[in-house]
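So the sequence shown is numbered by the working numbering: it starts at 188 and just counts up by one.
C-beta: ideal position from N, C-alpha, C; glycine also.
It should be emphasised that the depicted structure is a prediction, and the values quoted were computed from it without experimental measurement.
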Amino acid sequence: MFSQIAWPGEWVFDFEDPKQADHWKVANGTWEIQKGVYAEISAAEKAAHTLFGEADWVDYTVEAKIRIDANKWAGLVFRAISEYEYYIVYPEPTPGVSAFFQHHGKEWETRARPKPNKTQIKGKIQVGNWYHLKVEVKGNDLKWFN
188 MFSQIAWPGE WVFDFEDPKQ ADHWKVANGT WEIQKGVYAE ISAAEKAAHT LFGEADWVDY
248 TVEAKIRIDA NKWAGLVFRA ISEYEYYIVY PEPTPGVSAF FQHHGKEWET RARPKPNKTQ
308 IKGKIQVGNW YHLKVEVKGN DLKWFN
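1) Below 8 angstroms CB to CB, which residues in the same chain sit around G292 once its five sequence neighbours on both sides are set aside?
2) Can V314 and I275 be called in contact, C-beta distance under 8 angstroms?
3) Looking only at its chain, what residues have a beta carbon closer than 7 angstroms to the beta carbon of K311, apart from the 5 residues adjacent to it on each side?
4) Grab the span of the beta strand (DSSP E) containing R254 for me, first residue to last.
5) Smallest Cα separation from G240: which of V324, A230, R266?
6) Who does H319 pair with in a DSSP beta bridge?
7) Work out the CA separation of Y247 and K321 for me, nearest whole Å.
8) Given a threshold of 16 other Cβ atoms within 10 Å of its Cβ, counted over all protein chains shown, does N333 qualify as buried or as exposed?
9) On the premise that G223 lies in contact with D201, defined as a C-beta separation below 8 angstroms, what is that separation, rounded to the nearest angstrom?
10) Mapping DSSP to helix, strand and coil, what is H210?
11) Give the DSSP bridge partners of H236, in chain order.
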C-alpha cells in the first residue's frame, strides 16, 4: 500500500480496487490484489516483481509498505528500464540487513555485482510484519530508507 497523501504529479494506490493492478506491468510472477494488498501469489518464480512508471523518470520518490511472507523476499524495485534491468532494495530478516543491488542483462540472476551491498539495520525484521520503504532518486544519486 502506498501513502494516502497525494500531491500534484503523484500516484497513490490503496489496492482496494482490483483495477488498480492495471497500472502495473508484471515482469515476473503471478500478481493479484487481495484484501487491499498487491501480492505475488505463486511463490514459485525467481526475482518476481512488478513495475510502475516510465523508464525515463529521473527525479522521484517512491514509498511503499511491504510485508515479508514465508519466502522471505520483499523489496522495492526502482529505476527500471526493463523487466531485467533495475535496482532493488529489500530488508532481509536474517541477518537483519538492508540489501541493495542492480539487475542487468537478460536473465533474472544477472547482477552488476555478484553479491548485493548490505547495510546493517536497527531492529529485527520479522516475517509477516509490515515495513515502510522509501527510495529517493535524484539524477545519479540514490537513497533508500527503511
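The answer reads as follows:
1) Mapped onto the sequence shown, residue 292 falls at position 105. Result list for G292: Y271, E272, in chain order.
2) Within the sequence shown, residue 314 is the residue found at index 127, counting from 1. Within the sequence shown, residue 275 is the residue found at index 88, counting from 1. Not in contact: V314 and I275 (Cβ atoms no closer than 8 angstroms).
3) One-based indexing of the sequence shown puts residue 311 at position 124. G283.
4) The count along the sequence shown starts at 1 and reaches residue 254 at position 67. That run of the beta strand (DSSP E) goes 247-254.
5) Working through the sequence shown from its first residue, we reach residue 240 at position 53. Answer by Cα proximity: R266.
6) Locating residue 319 in the sequence shown gives position 132, counting from the first residue. BP columns for H319 point to K252.
7) Against the sequence shown, residue 321 aligns to sequence position 134. Against the sequence shown, residue 247 aligns to sequence position 60. Cα to Cα, K321 sits roughly 11 angstroms from Y247.
8) As a position in the sequence shown, residue 333 is number 146, starting the count at 1. Answer is buried; the Cβ neighbour count reaches 16.
9) Within the sequence shown, the letter at position 14 stands for residue 201. Within the sequence shown, the letter at position 36 stands for residue 223. Right, their Cβ atoms sit about 7 angstroms apart.
10) For the purposes of this step, residue 210 is identified with residue 23 of the sequence shown, where counting begins at 1. Residue state, collapsed to three classes: helix.
11) One-based indexing of the sequence shown puts residue 236 at position 49. Looking at the DSSP assignment, H236 forms a beta bridge with N215.
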